[in-house]
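Presented below is the structure to which this report refers.
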Amino acid sequence: MLQTSAYSKILTPEIGSLLLQYEGVCTHETIVRLSKELEQNLMPTAGARFKKVFGIFIELIQNIKNYSAERSISNPDSNDETGEGVGIIRVSEESLCFTVTAGNCIRSEDFERIQQKCERVKNTPTEELRSRYNEQLRQNQEPTSKGAGVGFLDIALKAGGNWEYEFHPMEENRVFFLITAYIAKSKIADDEAKPA
Amino acid sequence: MESVFLSKTTETPSVRMDVSGAVVELEGNSYPENAFEFYQQIFDWIDEYFKSGSDRLRAVFRLNYFNTSSAKCMLNFMTLLQKYHGQDKMISVEWYYEEDDDDMLEIGKAFSVDFTMPFQLVSFVE
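Put into structure tokens, the structure is as follows:
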């Protein structure tokens, strides 16, 4: 297993106030526990934007659980994803927006596929995200998908297009995949939510 | 044919599958560990319900938040209801969305356009 403490070093130091941070195995029970915690920390301040921040958090942490290349049970003889995914997730509040950041390892051979998927969504104009989401949802699922195959589109939609991703090569045929979404505190501030 | 009630949990909605009321009603959050498995039991109940001779069903969705796997299940849910609508069963759908929740509204809108069964979008204020 890679040292998970290395993950937090890749994340930029947080600005603003931290609402939640978790690093480790993401079981279903962990997700339920953290979602309750986030609800408590977020409800008082996020108001109408609560569901967007919450939704992005759930989508990202379920991604870690399902797709992280680092698993709670490692089985070197198999490419099967046994056990639960390991990763890091953080939610914080800044002056104009909330940010949700999630990171986990992926296999080097999956890097290109995931990068292309991110690029496709990133290059979709914000006003077309909704129709793309609807189209994609109505298509058959990818064989590798445990979900609906619209995760990145959902994140992009909820963040109003304000999201970004990075890949950092690591040892052992692994690439560290990091996603950050910015959710503006008000609809008017949507365009200003991006960090300078 | 029996009515079934599933209690609400943090990550799954309450589900009322009511034979005498001719209604299936969901309320709460939906991000189960396995959404496809969770919704399958509801679809199975609906199939049985119509097999036992019922001729109408009201489907009420009062969801607060759902993840993308659940969104796919909602689409499958609508497809199933539409199938029975096509078999001359009386189907009606009520899709509730909180007033400022544009995500819930837009998903409901897309369903209401895609499917020809009676479909009502209803806003509410928390």
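Line order of the protein sequences matches chains A and B.
To convert, note that position 15 of the first sequence is 1268 in the numbering used here; the numbers rise steadily by one, no gaps.
To convert, note that position 116 of the second sequence is 117 in the numbering used here; the numbers rise steadily by one, no gaps.
Every residue gets a Cβ at the ideal spot worked out from N, C-alpha and C, and that includes glycine.
As the structure is a prediction and not an experimental result, all values here were calculated from the model.
Cα-Cα separation between residue i and residue j, rounded to whole angstroms
i, j, result
"A/T1433", "A/V1306", "12 angstroms"
"A/F1364", "A/V1428", "7 angstroms"
"A/Y1275", "A/N1294", "14 angstroms"
"B/C74", "A/N1426", "35 angstroms"
"A/R1302", "B/F51", "40 angstroms"
"A/E1372", "A/C1358", "18 angstroms"
"A/W1416", "A/I1326", "31 angstroms"
"B/A111", "A/C1279", "33 angstroms"
"A/K1375", "A/L1410", "11 angstroms"
"B/L82", "A/E1362", "41 angstroms"
"B/Y98", "A/L1406", "21 angstroms"
"B/S21", "A/T1335", "44 angstroms"
"B/I43", "B/M18", "8 angstroms"
"B/S124", "B/E49", "31 angstroms"
"B/E127", "B/E100", "8 angstroms"
"A/S1348", "A/A1299", "12 angstroms"
"B/S31", "A/E1312", "12 angstroms"
"B/E38", "B/W46", "13 angstroms"
"A/E1419", "A/Q1369", "12 angstroms"
"B/Y40", "A/M1423", "39 angstroms"
"B/G87", "A/E1381", "31 angstroms"
"B/M118", "B/S55", "17 angstroms"
"A/N1393", "A/N1387", "12 angstroms"
"A/Q1315", "B/D104", "19 angstroms"
"B/Y85", "B/V114", "17 angstroms"
"B/D89", "A/A1412", "42 angstroms"
"B/S53", "A/Y1320", "42 angstroms"
"A/R1324", "A/Q1389", "28 angstroms"
"A/P1297", "B/E3", "42 angstroms"
Under 8 angstroms between C-beta atoms of residue i and residue j
i, j, result
"A/G1277", "A/S1345", "no"
"B/R63", "B/L106", "no"
"B/L58", "B/V24", "yes"
"A/T1379", "A/G1414", "yes"
"A/I1342", "A/K1318", "no"
"B/Q79", "B/F116", "In the sequence as displayed, the identity of residue 79 of chain B is Met instead of Gln. Yes. Within cutoff."
"A/L1272", "A/L1287", "no"
"B/T69", "A/G1404", "yes"
"A/V1339", "A/F1310", "no"
"A/R1360", "A/A1322", "yes"
"B/N65", "B/G109", "no"
"B/F67", "B/W96", "no"
"B/A36", "B/S8", "no"
"A/H1281", "B/E34", "yes"
"B/T1", "A/K1289", "Residue coverage of chain B in this structure runs from 2 to 127, which leaves residue 1 of chain B outside it and unanswerable."
"A/R1385", "A/T1377", "yes"
Coarse secondary structure for residue i, derived from DSSP in three states
i, result
"B/M118", "coil"
"B/D102", "coil"
"B/L7", "strand"
"A/Q1256", "Note on A/Q1256: pLDDT 44, under 50, position unreliable in the model; the coordinate value appears next. Three-state result, A/Q1256: coil."
"B/N68", "coil"
"A/V1374", "helix"
"B/N30", "strand"
"A/P1297", "helix"
"A/A1449", "Per-residue confidence for A/A1449 stands at a pLDDT of 43, beneath the threshold of 50, marking its modelled position as unreliable; the derived number appears in the next sentence. Three-state result, A/A1449: coil."
"A/V1306", "helix"
"A/R1391", "coil"
"A/N1415", "coil"
"B/M91", "strand"
"A/T1354", "strand"
"B/G22", "coil"
"A/S1439", "coil"
"B/T13", "coil"
"B/M2", "coil"
"A/I1342", "strand"
"B/G109", "helix"
"A/V1285", "helix"
"A/A1434", "strand"
"A/E1246", "The structure shown has nothing for residue 1246 of chain A, since chain A only spans 1254 to 1449."
"A/E1424", "coil"
"A/G1402", "coil"
"B/S124", "strand"
"B/A36", "helix"
Expected contact under 8 angstroms - CB spacing of residue i and residue j to nearest Å
i, j, result
"A/G1356", "A/L1431", "4 angstroms"
"A/C1350", "A/I1408", "Wrong, their Cβ atoms sit about 14 angstroms apart, outside the cutoff."
"B/L122", "A/R1391", "Rounded, the Cβ-Cβ distance is 19 angstroms, inconsistent with contact."
"A/K1235", "B/D102", "Residue 1235 of chain A lies beyond the residue range present for chain A, which begins at 1254 and ends at 1449; the question has no answer from this structure."
"B/V94", "B/A60", "5 angstroms"
Any non-hydrogen atom of the ligand NAD within 7 angstroms of residue i CB
i, result
"A/Y1386", "In the structure on display, the ligand NAD does not appear, and there are no ligands present to speak of."
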